[in-house]
Amino acid sequence: MNEDELVRIQAIAEAALLAAGKPLSIEQLRELFLESERPTRQLMEQAMVQLESACEGRGFEVKRVASGYRLQVREEFAPWVGRLFEEKPQRYSRALLETLALIAYRQPITRGEIEEIRGVTVSSNIIRTLLEREWVRVVGHRDVPGRPAMYATTKQFLDYFNLAGLDELPALSEVRDLEEIGREIEKNMQGDEPPSEQTLH
Amino acid sequence: MNEDELVRIQAIAEAALLAAGKPLSIEQLRELFLESERPTRQLMEQAMVQLESACEGRGFEVKRVASGYRLQVREEFAPWVGRLFEEKPQRYSRALLETLALIAYRQPITRGEIEEIRGVTVSSNIIRTLLEREWVRVVGHRDVPGRPAMYATTKQFLDYFNLAGLDELPALSEVRDLEEIGREIEKNMQGDEPPSEQTLH
Amino acid sequence: MTDEIKEPIDASSNEMEQVPLALVSGKPLVDVPKDLYIPPDALAVFLEAFEGPLDLLLYLIRRQNMNILDIDVSEITRQYMEYIGAVESMRFELAAEYLVMAATLAEIKSRMLLPRQETDDDDELDPRAELIRRLQQYERFKKAAEDIDQMPRVERDTFIGSAALPKLPSSQPHPDVDMRELILALQGVLKRADLFTSHHVEKERLSTRERMSHILSMLQGDRFVTFESLFSVEEGRLGVVVSFLATLELVKEQLIELVQAEVLGPIHVRARAAS
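Chains B, D and C are the protein sequences, given in the same order.
Here the first sequence stands for residues 2 to 202, where the numbers follow my numbering.
Here the second sequence stands for residues 2 to 202, where the numbers follow my numbering.
Here the third sequence stands for residues 37 to 311, where the numbers follow my numbering.
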């Protein structure tokens, strides 16, 4: 058995695993070959070892599972591949946006302080969502009873909104002037705003 | 953009195509990347060319079909891979293939026009099968009495037959100009036997 | 004749040469007859192997090695009528379209039997021309159908590759947020809190606020850092001023403490809450 033959067996095994889309055992792989050309068990295993290393640096890898071998997309590419199956993003609730805005403009700020300004409780979900998205982080704890966490925005937050620094956020005086524009935006947004029950916390 | 980045894009594309198990367009591939890291169209195409050559000597290849790129088993390995599946590959009747050929080459075309060329009735089964396989679809109705449906082929048809576009169909054989044929017949008839010896049975 | 779709197609068509066309007296009839005699039992099956009268005519012309442009109408008609005559008695419904063709052939032949008009009028085409046109047209698409059948196709000549998925991140995608939405939200909340009147937040203060967050994040845990390390020379004067203002603000808000062990000694900073 020469090297060329082994490479061919390897390519056939790869082709079969890609076409099958499920695990194949060594026996099943051997049965793809006519009796006259069928590789021995040992040779088949050798081809699989070779295939394994031939997949290094590629988008997929050979996995040994209970029922045999299978080809699997590498986990490191899951973030990109996952986007193939993504549903349409939903929208954030008004409460979340207000919380985010307050953290951005009044940082470092505790949850209690946000609640004080907003006049309503801030749900843990909102804080968790903002932390998970890595738009805010805990920068310390205020030295008061309960030692509440102080939140600040992150570099990811600035990046997302295309800001070099917080000072590029519109000044509050401008925000007030925006009232007029705001109403307009509000009007325009009516169209694509999903029903309220779809919003995230 | 350095070489490492390109290799990474290439691996992500490979991973995504295997995860999708169907063709993905350049645009769909680009959308897998966040805006901040999204490769240009040109770069994405370059990565696909590289992926193509990275698949040389392996069990599969990159193929561009009508709906985009896909990874598929090399034709040379089909005999082995085919043994994975108990069912024999489906065969299509000549009637179906001729109808399909007429739709492919003469689209948009009505059933009546197909029948005229084939000289026989086209069964409803054939049209139904072609529609169900999504190889053809109704693209309109001809503005004649009865308003018959006009059929055309689909992207799925091209995908199934490994084509990127209709222009990749084999060329239709030439039909010689009718006038030329007429002249030829005329000439030949000069030498024809006297008609009296030809009798009708 | 109505062509029935057979899926997967049995014997038939493209492989007329290999597959028995019919069993005649228990013996398989494998080949399309070389001569014109077909056992009557096999004839119906034989005709079914054709896609219609044009297909049969093409076969007859090819069988005789006859150029399509040079059809000997008499001979072809004679053969054709023989086939049809034999099948008519058994499978009349099958033969209908073939009979139309037979009539066409007969008509062509009868027209050719008429004395030809010796005029220079080229307008009157040979009566065979229309038939030839149809035959040629049909032959093109018959060939095209064979070509399509030969083209590599999925599930026969190639298979689409797929691989198992790794564990994918939660498929809940992140919503997009527009800066305007954020401003709108802030506007709403500030209006409610009536904070517009106070000037707590101003443009320049934002960079100080940002720096406050930054300094706090440097002071994680119980750790003291040197006062100087809060400053970065590369930032220039303005950066140093912002850091200094941020430090003062943090002290004022009792978020950090400054410790100096001796006069003129090094100053250390740590987060108060960390104590």
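Note that beta-carbon positions come from the ideal geometry of N, C-alpha and C, so glycine has one too.
Asked, Found
"As assigned by DSSP and simplified to three states, the class of isoleucine 107 of chain C", "coil"
"Simplified DSSP state of valine 140 of chain B, which is helix, strand or coil", "strand"
"Bridge-paired residues (DSSP) for alanine 64 of chain D", "Note on identity: in this sequence residue 64 of chain D is lysine, with alanine being the wrong assignment. Its beta-bridge partners are D:Arg71."
"Check whether threonine 122 of chain D and glutamate 114 of chain D have beta carbons under 7 Å apart", "no"
"Proline 24 of chain D and arginine 92 of chain D closer than 7 Å at C-beta", "no"
"Nearest residue (CA-CA) to isoleucine 27 of chain D, options D:Trp81, D:Arg129, D:Thr41, D:Glu36", "D:Thr41"
"Under the three-state DSSP convention, the category glutamate 46 of chain B falls into", "helix"
"Beta-carbon proximity check, methionine 151 of chain B vs glycine 141 of chain B, cutoff 7 Å", "yes"
"CB contact check: glutamate 133 of chain C to chain B, cutoff 7 Å", "no"
"Which of helix, strand or coil DSSP assigns to histidine 304 of chain C", "strand"
"Closer than 7 Å to chain D by CB, tryptophan 136 of chain B", "no"
"Coil, strand or helix - tyrosine 93 of chain D by DSSP", "coil"
"Minimum C-alpha distance to glutamate 15 of chain B - residue among C:Glu298, C:Gly197, C:Tyr95, C:Lys227", "C:Gly197"
"Cβ of proline 188 of chain C within 7 Å of any chain B Cβ", "no"
"Extent of the continuous beta strand (DSSP E) to which leucine 294 of chain C belongs", "292 to 296"
"Nearest-angstrom Cα separation, counted from alanine 48 of chain D out to valine 8 of chain D", "7 Å"
"C-beta neighbour in chain C for valine 63 of chain D, strict 7 Å", "no"
"Cross-chain neighbours of glycine 224 of chain C in chain B, by beta carbon under 8 Å", "Arg95, Glu99"
"Among C:Leu286, C:Pro188, C:Pro302, C:Ile168, nearest to arginine 247 of chain C - alpha-carbon criterion", "C:Leu286"
"Alanine 79 of chain D vs aspartate 193 of chain C beta-carbon contact at 7 Å", "yes"
"Rounded C-alpha distance that separates valine 269 of chain C from glycine 301 of chain C", "21 Å"
"Span separating the alpha-carbon of glutamine 51 of chain B from that of glutamine 11 of chain B", "7 Å"
"DSSP state of valine 269 of chain C mapped onto helix, strand, coil", "helix"
"Three-state secondary structure (DSSP) of alanine 85 of chain C", "coil"
"Short CB-CB distance (under 7 Å) between alanine 20 of chain B and chain C", "yes"
"Terminal residues of the alpha helix (DSSP H) in which threonine 130 of chain B lies", "125 to 133"
"Min CB distance leucine 30 of chain B to chain D below 7 Å", "no"
"Lysine 145 of chain C versus glycine 60 of chain D - alpha carbon distance", "60 Å"
"Residue-chain proximity (glycine 272 of chain C, chain B), Cβ-Cβ < 7 Å", "no"
"Rounded C-alpha distance that separates serine 197 of chain D from glutamine 157 of chain D", "In this prediction, serine 197 of chain D has a pLDDT of 41, which is less than 50 and means its spatial position is unreliable; nothing more can be read from the coordinates."
"Beta-carbon proximity of leucine 74 of chain B to valine 82 of chain B, cut-off 7 Å", "Just to set this straight, residue 74 of chain B is valine in the shown sequence, not leucine. Yes, the pair counts as a contact, with Cβ atoms nearer than the cut-off."
"Proximity test, Cβ basis, 7 Å: valine 74 of chain B and chain D", "yes"
"Run of the alpha helix (DSSP H) containing alanine 17 of chain D, from where it starts to where it stops", "4 to 21"
"Meets three-Cβ-pair contact criterion under 8 Å: the stretch 172 to 185 of chain C and the stretch 95 to 109 of chain D", "yes"
"CB contact check: lysine 239 of chain C to chain B, cutoff 7 Å", "Only weak support exists for where lysine 239 of chain C lies, its pLDDT of 49 falling under 50; the value from the coordinates is given anyway. By this cut-off, lysine 239 of chain C is an interface position."
"Burial state of threonine 130 of chain B (16 or more Cβ within 10 Å)", "buried"
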